[in-house]
Structure formats: C-alpha cells, structure tokens
C-alpha cells in the first residue's frame with residue numbers, strides 16, 4: 001500500500017467517524033419542548049405576572065425561553081454562579097473600581113420568584129433564602 005492510499009484510507013475512516021458522531025449528536029440533541037405542558041405553564045406564568053402588575057411577554061416567548069421545565073432558571077437557582085450573577089446585577093451600573101452594591105427595590109427578584117413558583121416550586125424555598133439575604137427596600 002502506498003503512502004497516498006494510506007492517507008486516503010485514513011481520511012475516509014476519520015470522515016466516517018466524524019459523520020457518525022454528528023449523527024449521534026443530532027439524534028440526542030434536545031431543545032425546549034413546546035408541548036401542552038409548556039404552554040400551560042407559560043399561561044400560568046403570564047397570569048402570575050399580570051396579577052403582579054409587570055409587563056407580560058407573549059406565551060410563545062415564555063415557551064421558547066423556559067420550555068416545560070423552567071430552563072436555566074430552574075437548573076439550580078441557589079448555586080454560587082446564580083447568586084454571583086444576581087449580586088452582580090444589583091449594583092450602581094458602573095464598571096471596574098466604581099462598581100458598588102446598592103439597596104435594590106423589592107420588585108427586582110419578583111419575576112424570578114414567580115418563574116420558580118410556577119416551573120420548579122420544589123426549589124422556591126432554597127431561592128427564597130437567597131432573596132432573604134439581600135438588602136431590598138421599597139425604593140422605586
């Protein structure tokens with residue numbers, strides 16, 4: 001077997017392995033499910049948001065972001081990364097050395113609490129402990 005034919009065989013084998021892996025990846029890839037449960041939970045969240053007096057996104061927007069399981073919001077709402085992101089958003093808006101924490105309004109986390117209440121109520125107590133540790137006031 002010549003060197004050229006060895007390379008050709010190697011490329012064909014590697015190409016087939018790559019195609020097989022792509023096929024497996026496509027077969028096991030799951031997107032947010034747009035099913036009856038997702039639409040029901042989205043309608044329930046819409047009602048909760050409307051009763052809270054906040055702007056309500058369309059049901060299709062809620063379904064595409066949260067699916068039927070709450071998406072990233074319900075993955076682990078009380079973990080260190082989620083708390084770090086939340087704390088990073090409760091600042092004065094400056095960057096670098098001028099960034100300071102602020103006393104935020106009570107409504108800041110209300111939407112996230114409603115999402116957790118509808119999509120993953122078993123994690124509500126855990127996230128409520130995180131919220132209880134925040135210094136919030138009626139400032140807006």
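Numbering (UniProt numbering), first residue to last: 1 to 140. We put the beta carbon where it would ideally sit given N, CA and C, even for glycine. As the structure is a computational prediction, the values presented were derived from the model and not from experiment.
My output table needs one value for residue i: the three-state DSSP class, helix, strand or coil.
i           : result
residue 57  : coil
residue 76  : coil
residue 105 : strand
residue 94  : coil
residue 136 : strand
residue 15  : helix
residue 112 : helix
Cβ-heavy atom distance between residue i and the ligand ATP below 8 Å?
i          : result
residue 11 : In the structure on display, the ligand ATP does not appear, and there are no ligands present to speak of.
Mind checking residue i: buried by the 16 CB within 10 Å criterion, or exposed?
i          : result
residue 18 : exposed
residue 52 : exposed
residue 70 : buried
residue 80 : exposed
residue 11 : exposed
Are the CB atoms of residue i and residue j nearer to each other than 9 Å?
i           : j           : result
residue 45  : residue 136 : no
residue 42  : residue 28  : no
residue 140 : residue 105 : yes
residue 141 : residue 130 : Given a span of 1 to 140 for the chain in the structure shown, any question on residue 141 remains unanswerable.
residue 103 : residue 77  : no
residue 38  : residue 67  : yes
Of all the options the options, which has the alpha carbon lying nearest to the alpha carbon of residue i?
i           : options          : result
residue 54  : 138, 120 and 108 : 108
residue 83  : 99, 133 and 11   : 133
residue 126 : 35, 73, 98 and 5 : 73
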